[in-house]
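Please read the structure below before turning to the comments.
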Amino acid sequence: MSEIPAPLTVAAAQPELRPGDLAFNAATHAEAIRAAGARLVVFPELSLTSYALASAAVSLDDAALEVIVAACGATGSVALAGAPVKEDDGTERIAMVRFDGAGAEVVYRKMHPDEEEGRRFTAAPDPAVMALDGWRLGLAICRDTMMFAHAADTAEFARGSDLGGIDAYVAGSLFRPQRIAQRDKRMRQLATGYGMWVVQACFAGPGSDFAETAGNSAIWAPDGTVAARADEQPGRIVKAELRF
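Residue 80 is where the sequence shown starts when you use the working numbering, and the numbers rise one by one after that.
Structure below.
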């Protein structure tokens, strides 16, 4: 890194979501982006369809997504949302989609789907790192963050690229309440072990394949302290300014 980037304002949002209702979910994403006041706004796993594994794959050309592009254009924000996507060869994956004022593109595909997800979705082979305003963001989706190899593989991938490393680890997730303590321990380990920020937007409220979801979207500083944290309620947005 040739020079230290300016601080990056990041928000983790857990909006109300409805299973398979792309238009409603896109509208709640747009509302959260406009409310967040952040350069980067991160959403939970499969947020565009809600975490409902039977939902149809999302086409990035769908007109319903235009409200998200418009919100990013109006605020200067970049948003990372979750979606099931179908590749050109028919393979389906759990993806992270980047939105800005110019449109949408898939920037990462989940490497470690669980057994149930794996009945439909194929694991992706490669990590991904996204550059934003001089910050190097390692990307992850839910179970990826709990697999010890994933952060290491992402860091190694970044070191082997022109980026040279990662400054933050950014994930969209869903956790059940009984897994939050384990999640918190793991995210602190990642933050302190790699000396990086960790950002995790988590599903909250009803509207998923699970009877209970934990919410608790949070941002951890490189020393392992919690910089911002939501409760379990849908509609929450938490924000922190990432600094070196």
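Glycine is no exception: its CB is placed at the ideal position from the N, C-alpha and C atoms.
Separation of residue j from residue i, as counted between CA atoms
| i | j | result |
| --- | --- | --- |
| residue 123 | residue 84 | 26 Å |
| residue 188 | residue 208 | 11 Å |
| residue 244 | residue 237 | 5 Å |
| residue 176 | residue 147 | 11 Å |
| residue 199 | residue 129 | 16 Å |
| residue 173 | residue 135 | 12 Å |
| residue 285 | residue 314 | 12 Å |
| residue 138 | residue 162 | 9 Å |
| residue 206 | residue 169 | 21 Å |
| residue 299 | residue 287 | 26 Å |
| residue 117 | residue 291 | 29 Å |
| residue 231 | residue 280 | 21 Å |
| residue 306 | residue 113 | 21 Å |
| residue 322 | residue 86 | 5 Å |
| residue 289 | residue 82 | 45 Å |
| residue 216 | residue 191 | 18 Å |
| residue 119 | residue 153 | 13 Å |
| residue 312 | residue 235 | 36 Å |
| residue 366 | residue 302 | Here the chain comprises residues numbered 80 to 323, so residue 366 is not present and cannot be evaluated. |
| residue 99 | residue 272 | 38 Å |
| residue 316 | residue 171 | 30 Å |
For residue i, the three-state DSSP class (helix, strand or coil)
| i | result |
| --- | --- |
| residue 278 | strand |
| residue 157 | strand |
| residue 147 | helix |
| residue 82 | coil |
| residue 101 | helix |
| residue 228 | helix |
| residue 324 | Absent from the model: residue 324. The displayed extent of the chain is 80 to 323, so no value can be given. |
| residue 320 | strand |
| residue 142 | helix |
| residue 285 | coil |
| residue 256 | helix |
| residue 290 | coil |
| residue 234 | helix |
| residue 133 | coil |
| residue 106 | helix |
| residue 162 | strand |
| residue 152 | helix |
| residue 223 | helix |
| residue 114 | helix |
According to DSSP, residues forming a beta bridge with residue i
| i | result |
| --- | --- |
| residue 188 | 174 |
| residue 218 | 249 |
| residue 179 | 182 |
| residue 93 | 315 |
| residue 298 | 278, 307 |
| residue 209 | 216 |
Residue span of the beta strand (DSSP E) that contains residue i, given as start and end
| i | result |
| --- | --- |
| residue 119 | 119–121 |
| residue 308 | 305–308 |
First through last residue of the alpha helix (DSSP H) which encompasses residue i
| i | result |
| --- | --- |
| residue 269 | 259–273 |
| residue 197 | 194–197 |
Any 3 or more C-beta pairs closer than 8 Å across the stretch 256–263 and the stretch 293–309: yes
Contact the stretch 95–113 vs the stretch 143–157: 3+ CB pairs below 8 Å: yes
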